[in-house]
Amino acid sequence: MTCIIIEDQPPAQRVLKKYIDDLGSLELIGTFSDAIQAMEFLKSNQVDLIFLDIHLPKISGIDFLKTLSHPPAVILTTAFPDYALESYDLDVVDYLLKPFSFQRFVKAVAKIPNRSFTEIKEAGVSGIPSEKREIFIKSGYDLIKITLADVLYIKSDADYTEVFLPNKKQLSSEPLRYWLEQLDAAKFHRVHKSYIIQTTKIEKISSNQIHLEDGTVIPMGRAYKEEFLEKFVK
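See below:
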């Protein structure tokens, strides 16, 4: 995700820059000491996230936010708790009260709705090759990048899921139903109450078992078999 900082205090700027660098999944493309500078930047640049101080010269962070007709994700940073209620009325992602720890910073970033799936669905228009489509998944306090074309299958583990890739797996904080709502139904299908597979990875189907190209055997649930075979087996 691309992000900018709007903060007039150099020490606070340095803290945010360090946290962004330590996290590794954010790309800082601009730092501004007042909202007017940021307004000019946003006229010709798109960003995914703004770290926004409330007390700024010329125009406050709250007033700046109200001027944005289609704002990106916003995380407010301030030393004053008085604006918390008003900020949530403006649909901000989170409200960081200075001084905040790296752990609190990561928790705030992890709340950002995953926009990558929307970008994936629109990739046919933009011409991005499918093997280059990447997303970040929440895994504890980390955001981990995966390439969707590499995913073999996803397995439910209570309120978590395991995303299996060649020679490794990643634990995701999202439940299986989240993946069902987000993934491309033309490539990913639920074949069991605990499994979603990528159909391009199927090697063969034998009775009630699906053999993937890496040798993994996935059970096919009776409740899912008919729909799966009708949709994918010609």
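Numbering-wise, the numbering used here comes out as the position in the sequence shown, counting from 1, plus 33.
Think of the CB as a built atom: it goes at the ideal place given N, C-alpha and C, for glycine as much as any other residue.
Minimum C-alpha distance to residue i - residue among the options
{"i": "I251", "options": "E260, L204, I187 and K202", "result": "I187"}
{"i": "M34", "options": "L176, K91 and G94", "result": "L176"}
{"i": "C36", "options": "F221, L89, L82 and F113", "result": "L82"}
{"i": "H103", "options": "K91, D124 and D86", "result": "D124"}
{"i": "L89", "options": "I145, P43 and I243", "result": "P43"}
{"i": "L109", "options": "T100, K91 and I87", "result": "I87"}
{"i": "K202", "options": "K178, R210 and Y211", "result": "K178"}
{"i": "A256", "options": "D127, N241, T249 and E246", "result": "N241"}
{"i": "I62", "options": "I38, K234, V126 and K258", "result": "I38"}
{"i": "N200", "options": "T249, Q70, K131 and K258", "result": "T249"}
{"i": "Q46", "options": "F169, L198, S239 and F65", "result": "F65"}
Beta-carbon separation (whole angstroms), residue i vs residue j, contact threshold 8 Å
{"i": "I94", "j": "A68", "result": "One detail in the question is off: residue 94 reads as Gly in this sequence, not Ile. Correct: roughly 7 Å between the Cβ atoms."}
{"i": "A143", "j": "K171", "result": "5 Å"}
{"i": "F97", "j": "E40", "result": "That pair is no contact at about 12 Å."}
{"i": "H194", "j": "E214", "result": "His is not the amino acid found at residue 194; the sequence shown has Thr there. In fact, because the Cβ distance is near 13 Å, the residues do not count as touching under 8 Å."}
{"i": "E236", "j": "H225", "result": "So it is not a contact: roughly 17 Å between Cβ atoms."}
{"i": "D55", "j": "F135", "result": "6 Å"}
{"i": "L209", "j": "S189", "result": "4 Å"}
Helix, strand or coil at residue i according to DSSP, with G and I counted as helix
{"i": "E263", "result": "helix"}
{"i": "Q42", "result": "coil"}
{"i": "T35", "result": "strand"}
{"i": "T245", "result": "The sequence shown places Leu at residue 245, not Thr. In the structure shown, L245 sits in a strand (DSSP, three-state: E or B)."}
{"i": "K271", "result": "The structure shown does not extend to residue 271, since the chain is modelled only from 34 through 267, so no value can be given for it."}
{"i": "K50", "result": "helix"}
{"i": "K234", "result": "helix"}
TODO: Any chance you could list the alpha helix (DSSP H) runs of at least 4 consecutive residues sitting entirely within the stretch 167-218, in chain order?
DONE: Runs of the alpha helix (DSSP H) inside the stretch 167-218: 209-215.
Open item on the list: Under 8 Å: do the stretch 47-55 and the stretch 75-82 share three or more Cβ pairs, one atom per stretch?
Closed with: As far as the Cβ criterion goes, the stretch 47-55 does not touch the stretch 75-82, which means the pair count is below three.
Open item on the list: For the stretch 225-232 against the stretch 183-200, do three or more pairs of beta-carbon atoms, one drawn from each stretch, fall closer than 8 Å, so that the two count as touching?
Closed with: Because the criterion of three Cβ pairs below 8 Å is met, the stretch 225-232 and the stretch 183-200 touch.
TODO: Entirely within the stretch 62-149 and at least 3 residues each: give me those beta strand (DSSP E) ranges in chain order.
DONE: Counting whole runs of 3 or more residues, the stretch 62-149 contains the beta strand (DSSP E) stretches 82-86, 106-111 and 127-130.
- [ ] Inspect the CB distances between the stretch 257-267 and the stretch 218-225 and report whether three or more fall short of 8 Å.
- [x] A contact exists between the stretch 257-267 and the stretch 218-225.
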